[in-house]
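Read through the structure below, which is laid out as structure tokens, and then see the notes.
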Amino acid sequence: MSQFLQATVYGLLEGGLLALVAIGFSLVWGVMNIVNLAQGAFVITGAYIAWKLNTELGLDPYLGMFVAAAALFVAGYVIQRLLINQIVNAPIWMTLLLTFGLDLLIVQGLQLLFTADFRAINTSWGTDGFAIGDVRVPYGRLAGFILAVAVTLALVWFMSRTRSGLAIRTTGMDRAAARLMGVNVRHTYALTFGLAAALAGMAGAILGSITTFSPSAAGGYTLQSFVIAVLGGLGNMWGALAGGILLGLVQAWGGQYLSGTLVNAIAFGVLVLVLIVRPAGLVGRPYYEARAEA
Amino acid sequence: MLGSRLRLWSAVVLMLAVAVVTAACGKGGDEESGGIEGDKLQIGAALSLTGSLAKEGALTKQGYQLCQQKVNDRGGVKVGDKKVKLAISYSDDKSEPDTAARLIDNFNDDGVQLILGPYGSPSTEAAAAAVERNGQVMVDSSGADDNIFTKGYKNTFAVLSPASDYVAVMVDAIMGSANPKPKTVAFLSADDGFSQTAAKGGVEAANKAGLDVIAEESFPEHTTDVSAALTKVRGDDPDLILGSVHVEEGIAIVKQSGELGVKPQGFGETVAPPTPDFSEALGDAANGVVGSTQWTAQATGQDEIFGTAQDYARDFEQRFGATAEYHSAEGAAACLALVLAVEEAGSADPEKVRTALTELDTESFFGPIKFDDTGKNVTKPMSAIQIQDGKVTTIYPKDQAQAELQWPGTGG
């Protein structure tokens, strides 16, 4: 029983963090119809920023993550306005091509800058934890989970209570109508992408303190973002959180009770099952209802 | 109508003609000379310069580069009665075995038939198949999986000790010196061929040493989350945890053991502990971890190109500004074996070089090099190290040890 509980706790904590990784990806896809294959690269960049701050200045990654988020927000905003805006109206395979190229550029750039060495950000408190009976809860992962949930809540508040957030949602629903209402669509799109990049960078900083990373880890995070976004329903914040937690739990339970090597197969199996039962994702509404494109 | 049809066919014919001409002109090569062009001996190396094995590929490349430098500094390779410069050309296999095989074929098309191995068992296995098919000759620097050598290949020779030794040497090192001796052991392995073979060899050695093997768990290669496997063995409280892994999983085992409250007397892991990344990523938690290694700077033996192991370590540090560890040493040793074989054969012809390799029996900075008839180097023993005060310290074999095993290893 304690094995089940431990796996559940671990899966929950991991899942919350995965949700933070994926939430920006889901937002960008739902609002702008852009599948950002460079999502994992943003995550790893955030991890490197936090790592560099930690090794040069001794900055704790939970402070460094704000710097990473800010830096990636700016980068994401600029990338969107200069690059991705060019192909917003183009067929979907153009966005895949562009973001794929972006991913290659960023990953190879990171490799040139930092080499392929495996890095980790060591905190003095990260692997300590407290125990509830036989179940250990590590502080590092717990902090990551709490942060992920907090950020999701903050994002939901932002999207429903602030002008910018509402602008993002309306632009996602009907771009032409939003423009007619006076929304600066170009700026809103860039804001969305910048926000997504910032969240990815923040997640990366936290991940860097929990696990090891190197440039080649980017692809794995993009893949997980993809699964979580589809699982939860595109563009839906709660969906990303639900999807992330579900994926974390499934991977933890699968690893515990089946052969450890089947973890990826199980994750995708769950995705297929959910899509069969609820094609719009766990929380999402049907695609054509959620957004109308001019 | 007719005009456009004619234009289409003309275009097709033109494209075909261009393709044929390019193919004929582009990739010619000296098939007879087997790699000697002018005053250079061309050797091909497909390495993982990018991708998940980029770090290890970079280390291997450093070994090859140092070898090229040392050989050319002393005048070059003696082929017959003239000396030619060693020239290794590198291609990036992106850590993908299929790409490695294709690059080996490309080398063959270019007339390069002497090959230095890629990094890791999967790519080496793929390359070995291509080498065998093309009649090239490959010296394997880092593909240790015994399975590579069960296929009847005649053209691949490995300078490194086989995978089955990797964990067994740690069992011997620990059981030989530990006090109190561990009684139970849990094996945690990545699911790739090399790690599984190493774990099997370790289980055999553990049984022989009287250890009780209480668990054998596996997880996907390259994972950074081994919590499931650790949770499964936590309840049994093993005295010793032996990890048959690479760098990422190795770091994860120690890190997550701390998170999950798994506290054995000590850890032993393959591949990861001797790398600089391991100590940097784990900090204090790395202390006390035992590792196995193909080579340490305390290895005995010397050769005319590198000198002793200490000489090699010094030259490496001078050129690359980092402490020499075994991945680069394997590369340098593979290059050494190839160069010695070419000199012995007096030619770069692959058949003659292959024969010379089968007859090679020499000591070197890397240890003794002699191949059995499957191509494995069965004369070189592996060593064991332990991280003590953040430094990689040789602890086994006893006559090469810099310090004694510190046991229990955890709590450091």
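In order, the protein sequence lines correspond to chains A and B. The numbering of the first sequence is my numbering, which starts it at 723 and goes up by one. The numbering of the second sequence is my numbering, which starts it at -12 and goes up by one. Just so it is clear, CB atoms sit at the ideal spot from N, CA and C, and this is done for glycine as well. On a predicted model such as this, the values are computed, not experimentally measured, just so you know.
Sub-7 Å separation of residue i and residue j beta-carbons
i: Val750(A); j: Ala898(A); result: no
i: Asp80(B); j: Ser129(B); result: no
i: Ala114(B); j: Ala150(B); result: no
i: Leu40(B); j: Cys322(B); result: no
i: Trp773(A); j: Arg841(A); result: yes
i: Gly798(A); j: Phe915(A); result: yes
i: Ile276(B); j: Pro261(B); result: The amino acid occupying residue 276(B) in the given sequence is Val; Ile does not appear at that position. Their beta carbons are not under 7 Å apart, which means Val276(B) does not touch Pro261(B) by this criterion.
i: Tyr383(B); j: Ala215(B); result: no
i: Ala912(A); j: Ala790(A); result: no
i: Gly966(A); j: Ala763(A); result: no
i: Lys72(B); j: Asn93(B); result: no
i: Thr397(B); j: Ala388(B); result: no
i: Thr218(B); j: Ala989(A); result: no
i: Ala760(A); j: Ala951(A); result: no
i: Thr874(A); j: Ile890(A); result: no
Per DSSP, cross-strand counterpart(s) of residue i
i: Val66(B); result: Lys69(B)
i: Ser266(B); result: Ser266(B) pairs with nothing; no bridge assigned.
i: Met125(B); result: Ile102(B) and Thr143(B)
i: Leu53(B); result: Its beta-bridge partners do not exist; DSSP assigns none.
i: Ala402(B); result: The structure shown does not extend to residue 402(B), since chain B is modelled only from -12 through 399, so no value can be given for it.
i: Ile356(B); result: Thr349(B)
i: Gly25(B); result: BP columns for Gly25(B) are empty, so no partner.
i: Ile240(B); result: None; Ile240(B) has no bridge partner.
i: Phe254(B); result: Ile228(B)
i: Gly155(B); result: The sequence given here places Ala at residue 155(B); Gly does not occur at that position. Paired residues: none, contrary to the question.
From the options, residue whose alpha carbon lies closest to that of residue i
i: Pro401(B); options: Ile228(B), Ile238(B) and Gly377(B); result: Given a span of -12 to 399 for chain B in the structure shown, any question on residue 401(B) remains unanswerable.
i: Gln285(B); options: Gly270(B), Ala272(B) and Glu312(B); result: Glu312(B)
i: Gly961(A); options: Gly738(A), Gly851(A) and Ala925(A); result: Gly738(A)
i: Phe303(B); options: Gly98(B), Pro167(B), Gly50(B) and Ser182(B); result: Gly50(B)
i: Ala343(B); options: Ala371(B), Phe352(B), Glu350(B) and Glu330(B); result: Glu330(B)
i: Thr849(A); options: Lys65(B), Leu53(B) and Val241(B); result: Val241(B)
i: Leu101(B); options: Gly107(B), Leu28(B), Lys141(B) and Asp85(B); result: Leu28(B)
i: Ala964(A); options: Lys774(A), Gln833(A) and Leu1004(A); result: Leu1004(A)
i: Leu869(A); options: Leu824(A), Val757(A), Ile814(A) and Leu929(A); result: Leu929(A)
i: Gly278(B); options: Leu327(B), Val379(B), Ser244(B) and Val340(B); result: Val379(B)
i: Ala185(B); options: Gly98(B), Tyr153(B) and Glu203(B); result: Tyr153(B)
i: Thr171(B); options: Ala332(B), Lys187(B), Gly197(B) and Gln55(B); result: Gly197(B)
i: Pro263(B); options: Asp348(B), Glu208(B) and Gly377(B); result: Gly377(B)
i: Arg301(B); options: Pro225(B), Lys57(B) and Ser(-3)(B); result: Lys57(B)
i: Val234(B); options: Ala838(A), Tyr911(A), Asp825(A) and Leu740(A); result: Ala838(A)
i: Arg120(B); options: Asp199(B), Ser351(B), Asn95(B) and Tyr77(B); result: Asn95(B)
i: Ser78(B); options: Lys48(B), Gln297(B), Gly62(B) and Glu317(B); result: Lys48(B)
i: Ala940(A); options: Leu826(A), Met895(A) and Pro1001(A); result: Leu826(A)
i: Lys404(B); options: Thr257(B), Ala131(B) and Val158(B); result: Any property of residue 404(B) remains undetermined from this structure, which presents chain B solely from -12 to 399.
i: Thr821(A); options: Ala925(A), Leu835(A) and Ile806(A); result: Ile806(A)
i: Lys432(B); options: Leu147(B), Gly122(B), Trp(-4)(B) and Asp271(B); result: The shown model of chain B, from -12 to 399, leaves out residue 432(B), and the question about it has no answer.
Per-residue DSSP class, three states only, for residue i
i: Gly189(B); result: helix
i: Ser351(B); result: coil
i: Asp79(B); result: strand
i: Ile756(A); result: coil
i: Val0(B); result: helix
i: Asp850(A); result: coil
i: Pro225(B); result: coil
i: Pro860(A); result: strand
i: Lys42(B); result: helix
i: Lys14(B); result: Because Lys14(B) sits at a pLDDT of 45, beneath the cut-off of 50, its placement in the model cannot be relied upon, and the following sentence gives the value as read from the coordinates. In the structure shown, Lys14(B) sits in coil (DSSP, three-state: anything other than H, G, I, E or B).
i: Ala165(B); result: coil
i: Leu175(B); result: strand
i: Leu36(B); result: coil
i: Asp133(B); result: helix
i: Lys378(B); result: strand
i: Ala741(A); result: helix
i: Ala150(B); result: coil
i: Gly245(B); result: helix
i: Ala202(B); result: strand
i: Ile766(A); result: helix
i: Ala1014(A); result: Confidence at Ala1014(A) is low in this model, with a pLDDT of 39, below 50, so its placement is unreliable and the value that follows should be read with caution. Strand, per DSSP.
i: Asp212(B); result: coil
Under 8 Å from the C-beta of residue i: neighbouring residues of chain D
i: Gly786(A); result: Judged by its chain identifiers, the structure shown contains no chain D, and its protein chains are A and B.
Length at least 4, wholly inside the segment 899 to 966 of chain A: the alpha helix (DSSP H) runs in chain order: 907 to 932 and 940 to 954
Every unbroken beta strand (DSSP E) within the segment 790 to 844 of chain A, with a cutoff of 3 residues, ordered by chain: The segment 790 to 844 of chain A contains no whole beta strand (DSSP E) run of 3 or more residues.
Every unbroken alpha helix (DSSP H) within the segment 979 to 1008 of chain A, with a cutoff of 4 residues, ordered by chain: Runs of the alpha helix (DSSP H) inside the segment 979 to 1008 of chain A: 985 to 999.
Contained alpha helix (DSSP H) runs [length at least 4] in the segment 265 to 339 of chain B, N- to C-terminal order: Those alpha helix (DSSP H) runs which fall completely within the segment 265 to 339 of chain B and span 4+ residues are 296 to 307 and 313 to 332.
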